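Q:
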Amino acid sequence: MEQEISRRRFLQGLGLAGAATVGAGLAGCAPAAPAAEGEKLSGTGEQAYQWSWEAGPESIAEDQIVQTEEHEFVVVGAGLAGLATAASLAENGGDVLVVEKNTTWASRGSVIAHIGALNTPRWVAEGVEYSKFDVFRDWDVQNGSRMDNAQVWTFLERSGEALEWSLQKAEALGGTVELLGSHYFGEKFPEYYGTVMVNASDQMIELEGNGIEMGKGNALHFSLYQSSLDNGAQYLWSTPGKQLVVEDGKVRGIICVNADGDYVRYLATKGVILATGDISGDEEMSACFAPIMNRCQSSMYIPAGMNTGDGQKMAIWAGAKMQDGPWPPMIHPQGYGMFLGPFMCTNSFGRRFMNEDTWTQGKSLGILNQPGNVDYGFCVFDKNYSRDMHATRKIGGGLMWDSVYRVYGNEEPDEAYDERILGMGIDGGFIYQADTLEEAAALVKADYPTFDEDLFLAEVARYNELVAAGEDTDFGKRSDLMLPIAEAPFFIEKVGPNKMCAPGGALITGYGQVIDEEENPIEGLYAVGNCSGGLYAVDYPLVINGNSHGRCITFGYLLGRQLTGVEEVQSYPTRA
């Protein structure tokens with residue numbers, strides 16, 4: 000065992016040239032802009048850096064480490080990917096320690112979570128089954144043909160099996176599973192059924208007992224957590240990972256800070272698995288790898304303050320090859336009001352700028368690409384909003400157009416949901432209501448001085464003319480989605496995206512082993528979930544809603560089985 004673990008010795012152990020080469024792992028980062036005159040860059044005296052993490056971690060002397068433990072596997076992070084990995088490792092006989100910097104396991108939220116996979120048995124039992132070839136092609140289109148084909152194919156082939164594995168754990172604790180019936184039905188941005196929601200049980204709530212509201216957003220997380228505990232996994236809370244232990248190019252463990260503020264070292268005889276989530280909680284990393292994320296003023300990533308790219312940084316310091324940038328953003332239009340549907344949209348100045356018949360990500364990106372350097376626009380509709388949304392959801396639809404809770408097979412309009420979302424928008428100050436369009440526009444103008452009332456009213460008049468003519472000659476929106484804005488009361492809604500996550504990170508082999516800049520596997524280091532790269536590129540695909548959650552379960556499940564010898568290791572390298 001080395002007596003001092005320092006950044007320079009990390010690099011020397013990996014056979015790297017020295018301190019200046021730590022940035023070699025940043026090939027996927029957005030090109031560094033030259034420093035402005037007088038701008039101070041971080042540096043050590045040997046090299047100046049644009050990004051703070053490029054300088055590597057501070058040295059940790061041996062006498063600073065108060066404790067050393069050894070396990071077969073150390074999982075870093077207790078979000079969905081870490082929980083799935085721990086559950087799979089533990090049930091197959093692995094000695095598992097999970098270290099988590101938060102005070103408990105993490106989920107995206109307590110209200111709802113969509114978990115997506117292809118051809119899960121309970122969907123197949125409903126007669127819903129798709130060709131992997133068709134889904135793959137649509138995934139390819141939405142990712143600009145820049146994703147790792149092999150990784151996507153693995154997801155499409157194995158995700159149904161993996162999701163079923165996890166759902167059975169939830170049902171064993173009394174949870175119930177619902178199939179999500181809402182997705183986008185338009186031809187140009189196809190989405191497929193395959194998403195589930197898991198309802199918590201009283202048994203889960205009684206077992207959990209740590210203050211997390213148990214709902215659809217975390218019932219499956221808890222089930223995986225409980226399964227891993229039942230099979231011997233151990234968890235340490237308030238224990239963030241700081242740097243990997245690297246000897247002779249091999250990852251041997253990780254140094255963490257425990258709840259008392261002391262350095263502790265956890266050796267892993269069979270592997271360290273990074274499952275630390277994405278980078279959206281770190282504005283600097285977002286600026287480097289996914290700059291569009293920083294244009295969103297609203298954030299819905301949960302738990303706040305946790306997803307700060309810790310795993311990506313540690314992987315970089317260990318010599319990992321990063322996914323090419325920019326990394327795909329997951330930015331859904333939930334930043335302000337949440338009614339978009341088929342309704343006319345304008346930019347922040349009041350000018351219509353898009354064909355509103357597009358998917359969730361498309362609306363978000365369209366708003367961000369408008370002039371004005373803001374992250375919002377406006378949506379206008381009249382008293383018939385609920386009728387119009389439901390009349391069009393089977394030819395358009397999708398998130399923020401249909402209810403996010405709609406259960407497959409239930410075709411009834413969810414008017415209570417519509418009223419609740421409208422009320423939330425009004426209460427939040429995002430929806431302006433008046434008896435005339437002129438009055439509504441004046442209310443918006445009072446809060447947003449750059450909003451041009453006359454321009455907006457002219458655009459609405461033009462839109463209504465196109466509706467009457469039966470053809471949108473301005474933007475080509477389908478005529479059956481062109482609905483008049485004619486009956487009071489009128490509503491103008493502030494709409495825009497929030498940042499949810501920017502999935503991307505270390506490139507991996509076919510089963511999750513991190514590769515270095517020469518595309519050789521780094522012994523002892525693995526990555527799962529949103530801190531691994533390759534599954535997505537360009538944009539986050541909603542081909543199957545909730546597939547980010549599904550990928551966490553799928554690759555955690557597979558990695559656990561392969562590292563414990565239950566199934567054959569897939570070791571081919573990947574490129575993205």
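Numbering (numbering that gives the first Met the number 0), first residue to last: 0 to 575.
Just so it is clear, CB atoms sit at the ideal spot from N, CA and C, and this is done for glycine as well.
Predicted model, so just to flag it, every value in this text is computed and none were measured.
Using a Cβ cut-off of 8 Å (strictly closer), state whether residue 271 contacts chain B.
A: Of the protein chains in this structure there is only one, and it is not chain B.
Q: With C-beta atoms as the reference, is residue 99 less than 8 Å away from residue 77?
A: Your numbering for residue 99 matches position 100 in the sequence shown. Your numbering for residue 77 matches position 78 in the sequence shown. A contact, by the Cβ cut-off of 8 Å.
Q: Buried or exposed: residue 66, going by 16 or more other Cβ atoms within 10 Å of its Cβ?
A: Position 67 of the sequence shown, counted from the first residue, corresponds to residue 66. It counts as exposed.
Q: Scan the segment 78-105 and note each continuous alpha helix (DSSP H) run of 4 residues or more that stays entirely inside, going in chain order.
A: Runs found: 79-90.
Q: On the DSSP letters alone, give me the boundaries of the alpha helix (DSSP H) that residue 206 sits inside.
A: Counted from its first residue, the sequence shown places residue 206 at position 207. Counting along the chain, the alpha helix (DSSP H) containing residue 206 begins and ends at 201-207.
Q: Can you check whether the CB of residue 542 is closer than 8 Å to the CB of residue 191?
A: Start at 1 with the first residue of the sequence shown, and residue 191 comes out as number 192. Start at 1 with the first residue of the sequence shown, and residue 542 comes out as number 543. Yes, they are a contact pair.
Q: Beta-carbon within less than 6 Å of residue 611's beta-carbon, same chain only, minus the 5 sequence neighbours each way: which residues are those?
A: The question about residue 611 has no answer, for the chain in this structure spans 0 to 575.
Q: State whether the segment 145-158 contacts the segment 355-373, with contact taken as three or more CB pairs (one from each stretch) at a distance under 8 Å.
A: Because the criterion of three Cβ pairs below 8 Å is not met, the segment 145-158 and the segment 355-373 do not touch.
Q: I'd like the ranges of any alpha helix (DSSP H) spanning at least 4 consecutive residues and lying wholly in the segment 331-383.
A: Counting only runs of 4 or more, we get 359-367.
Q: With respect to the beta strand (DSSP E) encompassing residue 305, which residues constitute its N-terminal and C-terminal limits?
A: Sequence index remark: in the sequence shown, residue 305 carries index 306 (1-based). No beta strand (DSSP E) contains residue 305, which DSSP labels as neither H nor E.
Q: Helix, strand or coil for residue 497, going by three-state DSSP, please let me know.
A: Taking the first residue of the sequence shown as 1, we reach residue 497 at position 498. Looking at residue 497 - three-state DSSP - the assignment turns out to be strand.
Q: Ignore the nearest five residues each way along the sequence and tell me which others in residue 243's own chain have a CB closer than 6 Å to its CB.
A: Counted from its first residue, the sequence shown places residue 243 at position 244. The residues are 250, 253, 313, 317.
Q: Would you identify the three-state DSSP class for residue 70, choosing helix, strand or coil?
A: The count along the sequence shown starts at 1 and reaches residue 70 at position 71. DSSP places residue 70 in strand when its eight states are reduced to three.
Q: Within its chain, find whatever has a CB closer than 7 Å to the CB of residue 85; leave out the 5 residues flanking it on each side and keep chain order.
A: Sequence index remark: in the sequence shown, residue 85 carries index 86 (1-based). The residues are 74, 95, 97, 227, 232.
Q: I'd like the span of the alpha helix (DSSP H) that includes residue 265, first residue to last.
A: For the purposes of this step, residue 265 is identified with residue 266 of the sequence shown, where counting begins at 1. Residue 265 -> not in any alpha helix (DSSP H); beta strand (DSSP E) instead, spanning 262-273.
Q: Tell me, please, which residues DSSP counts as bridged to residue 433.
A: For the purposes of this step, residue 433 is taken as residue 434 along the sequence shown, with counting starting at 1. Paired residue(s): 489.
Q: Along the chain, which unbroken stretches of the beta strand (DSSP E) at least 3 residues long are found entirely within the segment 520-553?
A: If we require 3 residues or more, the beta strand (DSSP E) runs fully inside the segment 520-553 come out as 520-526.
Q: Taking DSSP as the reference, what is the three-state secondary structure of residue 576?
A: Absent from the model: residue 576. The displayed extent of the chain is 0 to 575, so no value can be given.
Q: Alpha carbon to alpha carbon, how far is residue 525 from residue 563? Give it in angstroms, no decimals.
A: Counting from one through the sequence shown, the residue named residue 563 turns up at place 564. Counting from one through the sequence shown, the residue named residue 525 turns up at place 526. Their Cα atoms are separated by approximately 14 Å.
Q: Secondary structure at residue 230, three-state DSSP: helix, strand or coil?
A: For the purposes of this step, residue 230 is identified with residue 231 of the sequence shown, where counting begins at 1. If DSSP states are grouped into helix, strand and coil, residue 230 belongs with coil.
Q: Could you tell me which residues DSSP puts in a beta bridge with residue 255?
A: Within the sequence shown, residue 255 is the residue found at index 256, counting from 1. Paired residues: 240, 263.
Q: For residue 133, count the other beta carbons within 10 Å of its own beta carbon; 16 or more makes it buried, fewer makes it exposed. Which is it?
A: Against the sequence shown, residue 133 aligns to sequence position 134. By the neighbour-count rule (16 or more Cβ atoms within 10 Å), residue 133 is not buried but exposed.
Q: Mind the definition here: the segment 529-541 touches the segment 316-334 only if three or more C-beta pairs lie below 8 Å; say whether that holds.
A: Counting Cβ pairs under 8 Å, three or more are found: they touch.
Q: Give the straight-line distance between the Cα atoms of residue 116 and residue 271, rounded to the nearest whole angstrom.
A: As a working mapping, residue 116 is identified with position 117 in the sequence shown. As a working mapping, residue 271 is identified with position 272 in the sequence shown. Spanning the two alpha carbons is a distance of roughly 26 Å.
Q: Indicate the three-state DSSP secondary structure (helix, strand or coil) for residue 568 in the structure shown.
A: Position 569 of the sequence shown, counted from the start, is the residue given in the question as residue 568. DSSP places residue 568 in coil when its eight states are reduced to three.
Q: With a Cβ-Cβ cutoff of 8 Å, do residue 490 and residue 430 count as a contact?
A: Within the sequence shown, the letter at position 491 stands for residue 490. Within the sequence shown, the letter at position 431 stands for residue 430. Yes, they are a contact pair.
Q: Cα-Cα, which of 189, 104, 342, 347 is closest to residue 140?
A: By 1-based counting over the sequence shown, the position of residue 140 is 141. Ranking the options by Cα distance to residue 140, first place goes to 189.
Q: Can you give me the C-alpha to C-alpha distance between residue 183 and residue 360, rounded to a whole angstrom?
A: Along the sequence shown, read from residue 1 onward, the residue named residue 183 stands at position 184. Along the sequence shown, read from residue 1 onward, the residue named residue 360 stands at position 361. Taking the straight line from one Cα to the other gives about 11 Å.
Q: Within a Cβ cutoff of 6 Å, which residues of the same chain sit near residue 380, ignoring the five residues on either side of it in sequence?
A: Taking the first residue of the sequence shown as 1, we reach residue 380 at position 381. Excluding sequence neighbours, residue 380 sits near 342, 490.
Q: Going by DSSP, what residue range makes up the alpha helix (DSSP H) through residue 454?
A: Start at 1 with the first residue of the sequence shown, and residue 454 comes out as number 455. From DSSP, the alpha helix (DSSP H) with residue 454 extends over 452-468.
Q: Is DSSP giving residue 506 helix, strand or coil here?
A: Counting from 1 along the sequence shown, the entry for residue 506 is found at position 507. Note: residue 506 maps to coil in three-state DSSP.
Q: Decide if residue 557 is buried, meaning its Cβ has at least 16 other Cβ atoms within 10 Å, or exposed.
A: In the sequence shown, residue 557 corresponds to position 558, counting from 1. That one is buried.
Q: In the DSSP assignment, what residue or residues form a beta bridge with residue 179?
A: Start at 1 with the first residue of the sequence shown, and residue 179 comes out as number 180. Looking at the DSSP assignment, residue 179 forms a beta bridge with 406.
Q: Can you have a look at residue 363 and say buried or exposed, based on whether 16 or more other CB atoms are within 10 angstroms of its CB?
A: For the purposes of this step, residue 363 is taken as residue 364 along the sequence shown, with counting starting at 1. Buried, because 16 or more other Cβ atoms sit within 10 Å of the Cβ of residue 363.
Q: Taking the alpha-carbon positions, what's the residue 306 to residue 457 distance?
A: For the purposes of this step, residue 306 is taken as the residue at position 307 of the sequence shown. For the purposes of this step, residue 457 is taken as the residue at position 458 of the sequence shown. Cα to Cα, the separation comes out at about 44 Å.
Q: Return helix, strand or coil for residue 30, following the three-state DSSP convention.
A: The residue given as residue 30 occupies position 31 in the sequence shown. Confidence in residue 30 is poor, its pLDDT being 39 and thus under 50, which makes the residue's placement too unreliable to answer from.
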